[in-house]
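Mature numbering (1 follows the signal peptide of the UniProt record, and there is no 0) puts the sequence shown at residues -28 to -1, 1 to 638. Quick reminder that beta carbons are idealized off the backbone N, C-alpha and C, glycines included. None of these values were measured; they are calculated from a predicted model.
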Amino acid sequence: MKRHRSFEMKQTLAAAIFTVATVATASAQTGEAPNTILVLDASGSMWGQIDGTAKIQIAQDVVGTLLDTLPDGQNLGLTVYGHRTRGDCTDIETVVPPGPGTREAIRAAVMAIKPRGKTPMTDAVVAAAEALKYTEEAATVILVSDGIETCNPDPCAAAAALEEAGVNFTAHVVGFDVAGDPQAQAQLQCLAGNTGGQYRGASNAAELAEALTQVVAAEPAEPVAPLPARLRVTVREGSKTGPQILDGIKVFLTAPESETDEDPAAIAEAGKELSPGQYAVSVLRIIDEATAEAAVELTDGESEEVILVLQPYRPGATLAAPDQADAGATIKVDWKGPGGDRDYLSVATSDQKDDKYINYVYTNRGNPGELVMPTQPGSYEIRYIWQSGNEDVVLATRPITVVAVAGGLSAPDEAVAGTTIKVDWTAGGYDRDYIAIAKPGAKGGEYVTYVYANRGNPAELKLPVDPGDYEVRYILGQDDTIFASRPIRVLEAKSLVSGPAEAKIGQVVEVAWEGPGADRDYISLAIPGSEPGDYVSYTYANRGNPLELELHSEPGTYEIRYIAAGDKEKILASQPVTLSGHVVALTAPASAPKATEITVAHTGPGYDRDYIAIAKAGEGGYVTYQYVRGEPQVKVRLPEEPGAYEVVYYLGRDEVPLATVPLTVE
C-alpha cells in the first residue's frame, strides 16, 4: 500500500520521540525515575511543509500520540521556544513544570502552539535543565528541533557544561527533517553526544523502524556515533603567510588504507569531511617536483587546517663569461635560462640586492648578451635575473674581475678661443665615451664642449669662446668617470670686421674679417645692444674672406658683427653701419587693355630678388609680377580682370614696396 509521506513522517517522528522517551524512562524500571522535560521547537521554520502538511501540525499529532503511551507516574514537563515573538532569542518558556499527571496540560499547550520566532534551542535546553534542578538530581531533556541554532550560544560547549555540572543530566535529541542540513545535524548530535544522550533523525519509516528496534532491544543508551571532522589543506609559497598556490600542484590525502588525489581549490576552500583519526597530507609541484608533507590527527567533530609550504619556484639558469675584463669594456655573456621578456643580465657588487645593478642588458637582445662592465676596477658578479611577477630573482651568478685600463691624452698646452684642436687619446674608446673641455674642479659630467671618442683619433675638439684655464678630459660615458685629463690654456681670440660705414637697405656688401674661423662662426647684421645670437641677416664665416652680407630692408643704424658660435654665442668684433632707403621712380602707362603686356621703366637698385608687380589698388601683394634682374625696364603681363590696379617696385628682401604708380586695366 502506498502511503503519503507526511504519514510516514508522523510515524518516524513519533517513533524517534518514543525511542528517546523510552531511554529516558528506562531508569524508572531500576527504581529511580528522573524528572523529564520535553523541549519543543516552535520557531518560524516549523511552518515548513512536508507533502502539504505543516511540520508543527505533524509534531502536535505525534506528541499527542506519545503522551498516551507514557506511564501515569512519569514526571514530565514542557518547554517551548520561539512561540510568542518574532526575532527574539529570549523567547523561551517552561509552559508546564515537570511533575506527575501533566499529560493533558502538556497536550493542550502543544496544540495551542503557533510558531513565530527564532531557534534558541541551546538556551531552551539550559532553561529546561535549570527547571529540573539538574545540579541537584537526575534530569532528562528531550529536544525536538527542525533546524540549526540561530542565536548566540555554542550548542556543543553548552552541552559539555551541562554534563559537567549536572548530577546525572542527559539530553536526548530528535532531529526533525534535518537530513539535508549537515551543520544542523552536527549541532544536534553534539547536544546529545556531549551529555551521554541519544540522537535520532526523523526522516522516513525505514530509518524509524531500524532505530526503534535498536533502542527497544537494549535499555542502556546507545553509544553516540563519532561526529565527522573536517580537514582543510592550504598550499602557500615561501612561508605560512605567503601567497596561496592553486595551479600546477597535486594535493594528496593519505589514510591508513588509502590515498586520494584532492582538488587544491576545493580542499583549501571548503575542506573535506573525514572520520576522526590519523592522516597524512602532501603536495607535489609538477614543474620542478618540489614536495611538502605533514601529519594531522582529526578529533571528533573538530575542524583542522594544515598549511603546506613550498619554496618559491626557481627555473634553472647558467652563465658563461670571461673571468676578467677591462673597466668599461663590453663583454659577451652566454646564458641559459627562461628567457622571459623582462629577464636580464646584470653586473653588480656581491652585496647589492637582487634588483640592484651597475649595468644590465635584457636577455631578449640576444645570446650571447653584450654587457658593459663597471668603470671602477674590482670584484663583481654577473647575474641572470628572472622577473617573477614584481620580483627580481637571481637564478645564476658568476664572478668577474674588472681591471684598470692604461691610457692618456695628448693635446696642445694652449690654443685660441673658439678654435678646434686635435686630441690624441689612448683608452677604451667605448660607444658613449667622449673628449671634453671643462673647468678645473668640475664634476665628470660637467663640460663646456665635447666630442664623442668614436668620431676619430685624434679627436677634433672645439675650444670655448671665453679665454681661461681649462682641462681636456677623457670621460667614460656610462657614468661620467674622468679617465684621464690634462690642462690647457685658452687664449683670447683676436678678431675684427671691416665693412662699409654706410649702405643702402637690401644691399649686398663685402665684409672682411679676422677671427677663429670655426665652422659655425658667422658674420651678422644686428641691432645695436641686442643679444649676441640676435640678428637681422647673417652668413657663415667659412663662406669666404671677404664675404658677402645682405643688409636689412629697413633704414637705420646697425652693427656688423663677428660671432663665435661655440659653447655659447659671443661677439668677438663689431662695427656700426647706417642704412638708408632708395629713391625709386617708375614709368608705366596710366591704362592698358586686360591680358596684355606693358613695359615698365624704373630707377630701382635692381637687386637679384627685386621685382615689379601688378597689384590690386590698396591691397598690396601682387596679381602678376616680373623679376628686375638688373634690367632698367621689364615687361609685365596685365591681369585678365579689368579694374583699378597699381604698378609696384618690391625690394626682394622682405618684399618691401619702394615705389608705386596707379594703373587702370580696361
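Between R202 and E245 the beta-carbon gap is near 5 Å, inside 8 Å, which marks them as a contact. Spatial neighbours of P236 in its own chain (CB-CB distance under 6 Å, excluding positions within 5 residues in sequence) are listed in chain order as L218, I221, V223. If the five residues before and after E135 are omitted, its C-beta is found closer than 8 Å to the C-beta atoms of F141, N166, T167, G168, all from its own chain and listed in chain order.
Distance from L10 to L48 at the Cβ level is roughly 7 Å; contact confirmed, criterion being Cβ atoms closer than 8 Å. In the structure shown, Q21 adopts extended strand secondary structure according to DSSP, grouped into three states. Taken atom to atom, the span from the alpha-carbon of N7 to that of G73 is near 13 Å.
For R202, the enclosing beta strand (DSSP E) covers residues 201 to 209.
Within the model, the alpha-carbon separation for L551 versus G505 is close to 21 Å. V207 sits close to V255, with the two beta carbons spaced by under 8 Å.
Here I239 is buried: its Cβ has 16 or more other Cβ atoms, across all protein chains shown, within 10 Å. The bridge partners DSSP lists for Y422 are A408. Residue range 236 to 241 is occupied by the alpha helix (DSSP H) that includes A240.
A straight-line Cα-Cα distance of about 22 Å links Y332 and N426.
The straight-line gap separating the alpha-carbon atoms of R404 and Q450 is approximately 6 Å. In the same chain as L523, and ignoring 5 residues on each side of it, the C-beta atoms closer than 7 Å to its own belong to A475, I477, G478, Q479, V481, L497, S509, L551, in chain order. About 6 Å separates the beta carbon of A537 from that of D493, a gap short enough to meet the 8 Å contact definition. A straight line joining the alpha-carbon of G624 with that of I393 spans about 41 Å.
The beta carbons of A389 and D438 sit closer together than 8 Å.
The C-alpha of E618 is placed about 8 Å away from the C-alpha of G590.
Within the same chain, R204 come within 6 Å of E277 by CB-CB distance, once the 5 residues on both sides are set aside. For D298, the enclosing beta strand (DSSP E) covers residues 296 to 298. Just so you know, the alpha carbons of S211 and V420 end up roughly 56 Å apart. In this structure, DSSP gives K212 a state outside helix and strand, which the three-state scheme calls coil. Per DSSP, Q159 is one residue of the alpha helix (DSSP H) stretching across 154 to 165.
From the listed residues A137, E531, E526, the smallest Cα separation to V628 is found for E526.
In the three-state reduction of the DSSP assignment, G528 falls in the strand class. F455 is bridged by DSSP to nothing; it lacks a bridge partner. Excluding residues up to 5 positions away in sequence, V319, A320, P346 lie with their Cβ nearer than 7 Å to the Cβ of I330 in the same chain. Comparing alpha-carbon positions, the option among S230, T369, R286, D326 lying closest to D295 turns out to be T369. C-alpha of P384 to C-alpha of P548: approximately 36 Å in a straight line. Non-local C-beta neighbours of T568 in its own chain, meaning closer than 6 Å and more than five positions away in sequence, comprise L610, ordered along the chain. Exclusion of the five residues before and after G401 leaves A425, N426, N429 as the residues of its chain whose Cβ lies within less than 8 Å of its Cβ. DSSP, read as helix, strand or coil, puts I221 in strand. Annotation for P500: no beta strand (DSSP E) segment contains it, and DSSP assigns it neither H nor E. Note: P548 is bridge-paired with E531 in the DSSP secondary-structure output. Classified as exposed, Q605 has fewer than 16 neighbouring CB atoms from the shown chains inside 10 Å of its CB.
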